[in-house]
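Input: a single structure, listed below in structure tokens.
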Amino acid sequence: MEFKEPEMQISAQAMAEAQLPLRYRDYCAHMLVPLNKCRHRTMYMPWKCEEERHAYEKCQYDDFMRRAKMLAQINEDKARQKQHSSAQRRGDIPSLHTLSDDEAMMRDVVARFARDVVQPKVSEMDENETMDPAVVRGLFEAGLMGIETPAELGGAEASFTSAILAVEELAKVDPSVSVMCDVHNTLVNTVFRTYASDALQKKYLPQLAEGKVGCFCLTEAAAGSDAFALQTRATRDGDHYVLSGSKMWITNSGEADIFLVFATVDPAKGYKGITCFAVERDMGVAIAKKEKKLGIRASSTCQLAFDDVRVPAENVVGEVGRGYKIAIEILNEGRIGIAAQMLGLAQGAFDNVLPYLFQRKQFGTLIGDFQGMQHQYAQIAVEIEAARLLTYNAARLKEEGKPFVKEAAMAKLYASQVAERASSRAVEWMGGLGFTRDLPLEKFYRDCKIGAIYEGTSNIQLQTIAKILSREYQE
Amino acid sequence: MTGLRILVGVKRVIDSAVKVRVNSAQTGVETANVKHSMNPFDEIAVEEALRLREKHGQEAVPEIVALSCGPAKAQETLRTALAMGADRAIHVKTDDALEPLSVAKLFSKVVANEKPNLVILGKQAIDDDANQTGQMLAGLLGWPQATFASKVEVNDGKLQVVREVDGGLETVSAALPAVVTTDLRLNEPRYASLPNIMKAKKKPFQTVTPADLGVEIRARLQTIEVVEPPKRQGGRLVASVDELLDKLRNEAKVL
């Protein structure tokens with residue numbers, strides 16, 4: 001049976017108006033009659049006899065029903081999402097800049113906290129390469145260390161986007177403080193919330209919300225991007241595991257009391273031996289060396305030594321041998337946090353330098369009014385906006401329970417690139433002044449570099465994106 | 001001390017960090033797409049109420065109610081007050097322009113309904129800087145007032161307030177109920193913590209209209225024109241003292 005494709009489109013509205021289930025006869029009456037009245041009738045009537053006509057109409061009917069069901073499904077999904085979201089939204093589909101009332105209020109509070117509490121300490125903390133304990137205490141008091149933690153466990157029970165906004169706001173002022181908040185919330189708290197037993201959650205989440213800093217110990221000297229080559233051993237001994245080995249580049253470990261440690265119970269099993277443990281500092285975690293770094297110097301990055309550290313067996317997070325899954329999944333969403341940190345950094349550098357362009361005159365003209373400058377700062381503004389949209393979109397996808405791994409990798413990759421360009425330009429735009437340590441521009445420039453390294457290097461992000469693309473396009 | 005029920009006034013104003021611009025019609029300042037916050041003096045008022053509770057205990061200060069008059073967006077400001085620690089909020093919703101007397105009347109009606117024995121307000125709002133509402137409210141209620149407070153103490157139904165006056169500090173005392181307006185140095189307001197922001201959603205929130213309270217909003221003032229202050233002229237360098245004297249005599253005409 002050969003049919004010419006008739007130029008009949010069933011409009012979305014017609015489908016929505018049609019009551020499902022629609023009987024075939026009613027369908028013919030509603031939808032096909034106008035077709036018969038068509039001016040170029042012969043062109044549109046492809047059938048040669050009644051049987052063919054019925055077959056054709058049946059085809060159309062089936063197609064109609066399929067599309068109508070799809071539409072009904074879409075509408076249902078939309079309604080569910082609307083119900084699900086606490087946001088008061090003006091339209092059905094808000095812009096990525098639209099925040100819920102709580103999120104907006106929270107962002108303002110974090111911005112104020114950053115300005116009043118963090119700002120005065122930034123350069124001192126950077127010079128001394130230490131985090132001021134008052135700032136850490138402030139983070140806990142403001143509730144910024146248990147953003148998504150359930151209220152009954154002492155947290156704020158706010159959205160993932162709230163955490164992302166907090167990380168961004170802090171990074172505008174100090175990317176070091178920002179990363180402390182980020183690792184603590186989006187890695188440590190989230191691992192407990194998502195994978196740990198109820199008992200572990202009840203034990204550790206309140207402590208993590210109230211005063212104990214957490215850190216995430218995956219990387220080792222020989223296991224960086226290839227994280228599953230890790231060698232730290234966990235040997236069962238009665239109702240304990242004994243951890244031995246060492247970890248490297250562990251953010252927050254200088255201040256941390258609670259360590260999520262990845263170790264293998266059986267190297268022969270490869271990545272399937274990797275297990276996640278909740279370890280307390282008092283169990284015997286030792287800091288072997290504190291690194292001296294180019295940027296985010298106030299954030300502690302240490303080498304850790306585990307010298308036969310005895311950990312109760314109930315402190316296994318999730319299942320034995322499933323640690324690799326925890327690490328992969330958590331770093332996938334953790335990247336959105338780093339994207340937010342880099343976005344905040346870029347915005348912070350930009351906000352710091354722009355007013356200067358409209359104060360400083362050369363050749364009798366404000367430097368911000370030179371066309372060469374205009375094009376530069378307009379370009380950076382566009383890039384920051386693009387990074388923001390990538391980041392917020394990845395966060396919302398994660399909140400909606402949709403696939404987000406590719407988008408998160410894109411956001412992290414791009415935001416770290418934008419942070420580098422924006423902070424570099426900011427130094428240039430301020431000239432000699434931007435090069436001095438009296439102003440925060442040079443610090444942003446130093447701080448940005450880590451964005452291309454931790455929680456997956458830029459190359460790893462590209463790998464991740466490419467892997468997903470090849471799955472999408474390969475037969 | 002038994003049952004100190006505190007009513008706190010909060011106003012939504014343009015954020016103090018925003019550079020204010022006159023609107024193109026020259027009828028006021030541009031408010032569209034401009035960041036708004038709680039009036040800083042009102043934050044101090046909320047903080048003082050919370051500190052009184054922290055000092056005397058929950059039983060001595062059983063209730064702190066935040067009140068705001070204004071358009072729908074005033075809700076945001078009330079939520080901030082709830083997130084800071086107020087127990088419940090009342091929003092008198094109106095889109096009419098409000099002058100201090102109207103606000104004082106609305107407050108007096110709410111006071112009649114709620115029967116607080118202490119009203120704490122900011123000494124003025126940073127938008128119109130009227131500095132009248134607290135005084136008018138005290139007048140309408142026939143209550144004592146202690147304005148420009150830099151220290152507030154309540155003991156045995158007695159209020160003692162240190163006021164910042166031109167010559168220094170003045171200490172006044174009054175019997176409750178009374179109206180207090182806050183000055184800048186009374187306290188440093190806290191931040192709403194994240195958990196409290198989330199809890200604020202569950203606190204009681206009541207919306208009423210001026211008509212519900214039996215108050216007719218009437219403007220008594222007419223704004224003729226709002227203009228920006230003249231731009232400051234840049235300085236000029238002169239080559240010699242003689243030239244300076246010449247300019248002062250003949251151009252500036254000040255000598």
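Chains as they are written, first to last, in the UniProt record's numbering: chain R, 1 to 475; chain P, 1 to 255.
Built from N, CA and C at the ideal position, the CB exists for glycine as well.
Check the Cβ of residue 11 (chain P) against every Cβ in chain R and list those closer than 8 Å, keeping chain order. By one-based count along the second sequence, residue 11 (chain P) stands at place 11. Within 8 Å Cβ-Cβ: nothing; residue 11 (chain P) doesn't reach chain R, min ~17 Å.
At a Cβ cut of 9 Å, what residues of the segment 90 to 113 of chain R count as close to chain P, listed as they run along the chain? 101, 102, 104, 105, 106, 108, 109, 110, 112, 113
Which residues in chain P sit within 7 Å of residue 141 (chain R), going by Cβ to Cβ distance? Here residue 141 (chain R) corresponds to residue number 141 of the first sequence, with the count starting at 1. Result: 193.
Nearest CA to the CA of residue 228 (chain R): which residue from R:324, R:253, R:268? Counted from its first residue, the first sequence places residue 228 (chain R) at position 228. The shortest C-alpha separation from residue 228 (chain R) is found at R:324.
Where does the unbroken beta strand (DSSP E) through residue 241 (chain R) begin, and where does it stop? Start at 1 with the first residue of the first sequence, and residue 241 (chain R) comes out as number 241. First-last of the beta strand (DSSP E) with residue 241 (chain R): 240 to 251.
Cβ neighbour criterion (16 or more within 10 Å) applied to residue 198 (chain P): Position 198 of the second sequence, counted from the start, is the residue given in the question as residue 198 (chain P). It counts as buried.
Residues near residue 284 (chain R) by beta carbon distance below 6 Å, same chain, minus five either side: As a first step, residue 284 (chain R) must be located in the first sequence, where it is residue number 284. Contacts found: 309.
Residue-level contact to chain P via CB, residue 453 (chain R), 8 Å cutoff: By one-based count along the first sequence, residue 453 (chain R) stands at place 453. False, the Cβ-Cβ gap to chain P never drops below 8 Å.
Between which residues of its own chain and residue 420 (chain R) is the CB-CB distance below 6 Å, once the five residues before and five after are set aside? Taking the first sequence and counting its residues from 1, one reaches residue 420 (chain R) at position 420. So the list reads 448, once near-sequence residues are dropped.
With a Cβ-Cβ cutoff of 8 Å, do residue 189 (chain P) and residue 54 (chain P) count as a contact? Here residue 189 (chain P) refers to the residue found at position 189 when the second sequence is read from its first residue. Here residue 54 (chain P) refers to the residue found at position 54 when the second sequence is read from its first residue. No, these two residues do not count as a Cβ contact at 8 Å.
Residue 198 (chain P): contacting residues in chain R (beta-carbon distance under 8 Å): One-based indexing of the second sequence puts residue 198 (chain P) at position 198. The contacting residues are 102, 151, 156, 157, 158.
Cβ contact check for the segment 338 to 353 of chain R and the segment 423 to 434 of chain R: 3 or more pairs under 8 Å: Two segments are said to touch when three or more pairs of C-beta atoms, one from each, lie closer than 8 Å; by this definition the segment 338 to 353 of chain R touches the segment 423 to 434 of chain R.
Residues of its chain near residue 3 (chain P), where Cβ-Cβ distance is below 7 Å and the 5 sequence neighbours each way are ignored: Here the question's residue 3 (chain P) lines up with position 3 in the second sequence. Only 62 meet the Cβ criterion.
Considering residue 210 (chain P), what are the terminal residues of the alpha helix (DSSP H) in which it resides? On the second sequence, residue 210 (chain P) is found 210 positions in, with the first residue counted as 1. Here the alpha helix (DSSP H) through residue 210 (chain P) covers 210 to 213.
Within 8 Å of any Cβ in chain P, is that where the Cβ of residue 144 (chain R) sits? Here residue 144 (chain R) is taken as the residue at index 144 of the first sequence, counted from 1. Chain P, which has a Cβ nearer than 8 Å to the Cβ of residue 144 (chain R), makes this yes.
Can you list, in chain order, the residues of the segment 70 to 85 of chain P whose Cβ is nearer than 9 Å to any Cβ on chain R? 75, 76, 79, 80, 83
Could you check where the beta strand (DSSP E) with residue 286 (chain R) kicks off and where it finishes? Start at 1 with the first residue of the first sequence, and residue 286 (chain R) comes out as number 286. Counting along the chain, the beta strand (DSSP E) containing residue 286 (chain R) begins and ends at 285 to 290.
Leaving out five residues before and five after residue 246 (chain R) in sequence, what residues of the same chain have Cβ atoms less than 6 Å from its Cβ? By one-based count along the first sequence, residue 246 (chain R) stands at place 246. Cβ within range, chain order: 305.
Bridge-paired residues (DSSP) for residue 91 (chain P): For the purposes of this step, residue 91 (chain P) is identified with residue 91 of the second sequence, where counting begins at 1. Answer is P:68, P:207.
Compare the beta carbon distance of residue 112 (chain P) and residue 91 (chain P) with 8 Å and say whether it is the shorter of the two. The residue given as residue 112 (chain P) occupies position 112 in the second sequence. The residue given as residue 91 (chain P) occupies position 91 in the second sequence. No, the pair does not count as a contact, with Cβ atoms beyond the cut-off.
I think residue 80 (chain P) touches residue 105 (chain R), with their Cβ atoms under 8 Å apart; what is that distance to the nearest whole Å? Here residue 80 (chain P) is taken as the residue at index 80 of the second sequence, counted from 1. Here residue 105 (chain R) is taken as the residue at index 105 of the first sequence, counted from 1. At roughly 7 Å, the Cβ-Cβ gap stays under 8 Å, so residue 80 (chain P) and residue 105 (chain R) are in contact.
Just verifying my parser: in three-state terms, what is the DSSP assignment at residue 1 (chain R)? Start at 1 with the first residue of the first sequence, and residue 1 (chain R) comes out as number 1. Note that residue 1 (chain R) scores 43 on pLDDT, short of 50, meaning its location in the model is unreliable and no value can be drawn from it.
Counting only beta-carbon atoms, is residue 164 (chain R) nearer than 8 Å to chain P? Counting from one through the first sequence, the residue named residue 164 (chain R) turns up at place 164. With 8 Å as the cut-off, residue 164 (chain R) does not count as an interface residue toward chain P.
Would you tell me roughly how many angstroms separate the C-alpha atoms of residue 211 (chain P) and residue 60 (chain P), rounded to the nearest one? Counting from 1 along the second sequence, the entry for residue 211 (chain P) is found at position 211. Counting from 1 along the second sequence, the entry for residue 60 (chain P) is found at position 60. Approximately 33 Å between the Cα atoms of the pair.
Secondary structure of residue 58 (chain P), DSSP reduced to three states: Counting from one through the second sequence, the residue named residue 58 (chain P) turns up at place 58. Correct three-state label for residue 58 (chain P): coil.
Tell me, please, which residues DSSP counts as bridged to residue 75 (chain R). Taking the first residue of the first sequence as 1, we reach residue 75 (chain R) at position 75. The partner list for residue 75 (chain R) (beta bridge, DSSP) is empty, contrary to what the question assumes.
Which residue spans inside the segment 163 to 192 of chain R form an unbroken alpha helix (DSSP H) run of at least 4? 175 to 182
Under a CB-based cut-off of 8 Å, is residue 367 (chain R) close to chain P? Taking the first residue of the first sequence as position 1, residue 367 (chain R) is located at position 367. Proximity of residue 367 (chain R) to chain P, defined by a Cβ-Cβ separation below 8 Å, is not satisfied.
Kindly give me the distance between the Cβ atoms of residue 320 (chain R) and residue 279 (chain R), rounded to whole angstroms, as I take these residues to be in contact under 8 Å. Along the first sequence, read from residue 1 onward, the residue named residue 320 (chain R) stands at position 320. Along the first sequence, read from residue 1 onward, the residue named residue 279 (chain R) stands at position 279. Residue 320 (chain R) to residue 279 (chain R), Cβ: 15 Å. No contact.
Opening and closing residue of the beta strand (DSSP E) in which residue 279 (chain R) lies: Position 279 of the first sequence, counted from the start, is the residue given in the question as residue 279 (chain R). 274 to 280 is the extent of the beta strand (DSSP E) around residue 279 (chain R).
May I ask you to report which of helix, strand or coil DSSP gives residue 239 (chain P)? As a working mapping, residue 239 (chain P) is identified with position 239 in the second sequence. Residue 239 (chain P) falls in the coil class under three-state DSSP.
Since residue 121 (chain P) contacts residue 179 (chain P) with CB under 8 Å, what's their CB separation in whole angstroms? Start at 1 with the first residue of the second sequence, and residue 121 (chain P) comes out as number 121. Start at 1 with the first residue of the second sequence, and residue 179 (chain P) comes out as number 179. Yes, they are in contact, since the Cβ atoms of residue 121 (chain P) and residue 179 (chain P) sit about 7 Å apart, within 8 Å.
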